Amino acid sequence: MSKLNKLTFNIRSSSHFYNEVNLPSNEYMQETFRDFKDKQIIHYVVYFPKEKEARCLIYSYHYRLNHYNGITNNFPGGIFQCIRKVSLFDERPFEHEFFLQIQKSFPLMKQLIVVNQQRQINKQFRKANNENGDLSIIH
Numbered sequence: 002m003s004k005l006n007k008l009t010f011n012i013r014s015s016s017h018f019y020n021e022v023n024l025p026s027n028e029y030m031q032e033t034f035r036d037f038k039d040k041q042i043i044h045y046v047v048y049f050p051k052e053k054e055a056r057c058l059i060y061s062y063h064y065r066l067n068h069y070n071g072i073t074n075n076f077p078g079g080i081f082q083c084i085r086k087v088s089l090f091d092e093r094p095f096e097h098e099f100f101l102q103i104q105k106s107f108p109l110m111k112q113l114i115v116v117n118q119q120r121q122i123n124k125q126f127r128k129a130n131n132e133n134g135d136l137s138i139i140h
């Protein structure tokens, strides 16, 4: 039997919770993958208090799928050359700077789906302070 030299994977899990104390932290996830040789593992845990749900995303980098679903404000970034379709979801608002990060991370993106019902906080702050500076256009 040949030796496995490279493993590519995309793992997404979710669970409902009633007590955040028992949920894994990002630090715990980091420790879990400390022995991987190439350190090309991206992982993060996202908590949605309103829904009482936690999501854990673990994937190998370089990510080879053509879509990336359910990105949240906790997205760690990176460059994803193969991704054409992206969907965003969060209970917290997406700010303009986050969309700039998405644009840089997915240079060949053709479709963006946004699921969020929260207003941008920084946009409201700028209006309250009469800052008329326009934000850059995201292409």
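For the sequence shown, my numbering begins at 2 and goes up steadily by one. Note that CB positions come from ideal geometry on N, CA and C, so glycine has one too. Predicted model, so just to flag it, every value in this text is computed and none were measured.
Cβ-based burial, residue 36 [other Cβ within 10 Å; buried from 16]: Exposed is the call here.
Sub-9 Å separation of residue 81 and residue 63 beta-carbons: Closer than 9 Å, so yes.
By DSSP, does residue 62 sit in helix, in strand, or in coil? Here residue 62 carries a coil assignment [DSSP, helix/strand/coil].
Assigned secondary structure, residue 123 (DSSP; H/G/I helix, E/B strand, else coil): Assigned with DSSP and collapsed to three states, residue 123 falls in helix.
By Cβ distance, which residues of its chain are closer than 6 Å to residue 14, with the 5 residues on each side in sequence left out? Taken in chain order, the residues that qualify are 57.
Rounded to whole angstroms, how far is the Cβ of residue 84 from the Cβ of residue 67, which I believe are closer than 8 Å? Between residue 84 and residue 67 the beta-carbon gap is near 6 Å, inside 8 Å, which marks them as a contact.
Does residue 10 pass the burial test, meaning 16 or more other C-beta atoms within 10 Å, or should it be called exposed? It is exposed - the Cβ of residue 10 has fewer than 16 other Cβ atoms within 10 Å.
State the CB to CB distance for the pair residue 116 and residue 103, rounded to an integer number of angstroms; the pair is presumed to be in contact (CB under 8 Å). Contact flag wrong, Cβ pair sits at about 14 Å.
In chain order, which continuous runs of the beta strand (DSSP E) of length 3 or greater are located wholly inside the segment 39-108? The DSSP assignment places complete beta strand (DSSP E) segments of no fewer than 3 residues inside the segment 39-108 at 42-49, 54-61, 68-72, 86-90, in order along the chain.
How is residue 31 classed by DSSP in three states: helix, strand or coil? The answer is helix: DSSP assigns residue 31 an H, G or I state.
Around the Cβ of residue 12, are there at least 16 other Cβ atoms within 10 angstroms (buried) or fewer (exposed)? It counts as exposed.
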